[in-house]
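Asks: So that you can map any letter, position 96 of the sequence shown is 96 in UniProt numbering, and since no number is skipped, the others follow by simple counting. A single structure is presented below for examination.
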Amino acid sequence: MSSTTPEFAAAPAAAEGVKRAKRGVPEGLWQRCPGCQAVIFRKQAEELLSVCPECEHHWYVSASDRIEQVLDSGTFEEWDAELMPTDPLKFADKKAYAERLVAEQKRTGLRDAALTGCGMIRARRVAIGVTDSAFIMGSMGSVVGERLARLVERAADQNLPLIIISGSGGGARMHEGILSLMQMAKVTAALARYNEMGGLFISVLTNPTMGGVAASFASLGDLIFAEPKALIGFAGPRTIKATIRIELPDGFQTSEFLLEHGFVDRIVPRARLKSEIARAIDYCGK
């Protein structure tokens, strides 16, 4: 009788070169905070509006998420969604601008770096715009400028408080040349008319708010709120240091430094932003 039977035969050896799947924690369940380096349960951070529970570092959030966080649920009505960027200069660097636009639109789900419309904040109707650094660093192309200018004009026509949440790491978009440069002046002029009509403009600065956005409409709010530890400025510190040739204070481009020196009116954590905006609107009688 054979020493082995089919019932008790040894299990076949694993095929050579075939690796057994590892059991472990599913990908994406945890994330590392860039502020304190703590490993954070992703769902916990999302419940805190993408804020680290350990050090209160504010993660990037998209324009659509900003809208959901600030406006009452289901009240957002997008304006000028049909506006699409073009390639007037047939610009190309590492990639043709036309191809870059298509790739950015697919990656972010946005048509350009600004999302505008109206909605309710604690039952108060407002005009709102958000710029998104994920789309070519939130730079101001012709569509961004046009959407923001139209937003301001409609806020004036409808006598609405105006909220613009800036999240732009760039200024004018070089791919569109002079058409991009004129957007800062266009939005600023619209804000001047809105101000003459007695409108209330609340500018919210997030990380980052840099370049031409910081140098134009983001700095013109009747009230300027900023998220904690946000990077805010025009040029980078190395460029400034090389230009003026003096030592710069530590953290001089953070929201805390700017609050201390009077540029920012209040630092508002993300969880309190909605309530603070509603309170400001009531206080100003709008």
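Ideal Cβ positions, reconstructed from N, Cα and C, are used throughout, including at glycine.
Using a Cβ-Cβ cutoff of less than 8 Å, which residues in the same chain neighbour Thr188 once the five nearest sequence positions on both sides are dropped?
Replies: Correct list, in chain order: Ser216, Phe217, Leu220.
Asks: So, at 6 Å on beta carbons, what are the nonlocal neighbours of Trp79 in its own chain, with the 5 sequence-adjacent residues on each side left out?
Replies: Closer than 6 Å at Cβ, skipping near neighbours: Thr116, Gly117.
Asks: Where do the ends of the beta strand (DSSP E) carrying Thr209 lie?
Replies: Run containing Thr209: 201-209, per the beta strand (DSSP E) assignment.
Asks: To the nearest angstrom, report how far apart Ala230 and Thr86 are at their CA atoms.
Replies: Approximately 31 Å between the Cα atoms of the pair.
Asks: Straight-line CA distance for Gln37 to Gly198?
Replies: Cα to Cα, the separation comes out at about 46 Å.
Asks: By alpha-carbon positions, which one of Ile224, Ala63, Arg238, Phe263 ends up nearest to Glu276?
Replies: Comparing Cα positions, the closest option is Ile224.
Asks: Where does the unbroken alpha helix (DSSP H) through Leu181 begin, and where does it stop?
Replies: Unbroken alpha helix (DSSP H) run through Leu181: 178-196.
Asks: Would Ser168 and Met137 qualify as a contact pair, given that the criterion is a beta-carbon distance under 8 Å?
Replies: Yes, these two residues count as a Cβ contact at 8 Å.
Asks: On the three-pair Cβ rule with 8 Å, is the stretch 169-183 touching the stretch 253-260?
Replies: Not touching, per the Cβ criterion.
Asks: Taking the beta carbon of Leu248 as the centre, do at least 16 other beta carbons fall within 10 Å, making it buried, or is it exposed?
Replies: So Leu248 counts as exposed.
Asks: Which residues bound the alpha helix (DSSP H) around Phe257?
Replies: Element bounds for Phe257: 255-260.
Asks: DSSP puts Glu146 in a beta bridge; with which residues?
Replies: The partner list for Glu146 (beta bridge, DSSP) is empty, contrary to what the question assumes.
Asks: Could you tell me the alpha carbon to alpha carbon distance between Val213 and Phe41, rounded to whole angstroms?
Replies: The alpha-carbon atoms of Val213 and Phe41 are separated by roughly 34 Å.
Asks: Short check: CB of Gly119 to CB of Leu71, under 8 Å?
Replies: Yes, Cβ-Cβ distance for Gly119 and Leu71 is below 8 Å.
Asks: Assuming Leu89 contacts Ala271 under a Cβ cut-off of 8 Å, what Cβ separation, rounded to an integer in Å, is found between them?
Replies: Going by Cβ atoms, the distance from Leu89 to Ala271 rounds to 43 Å, so no, they are not a contact pair.
Asks: Give the range of the alpha helix (DSSP H) segment to which Glu273 is assigned.
Replies: Contrary to the premise, residue 273 reads as Leu rather than Glu in this sequence. Residues 273-283.
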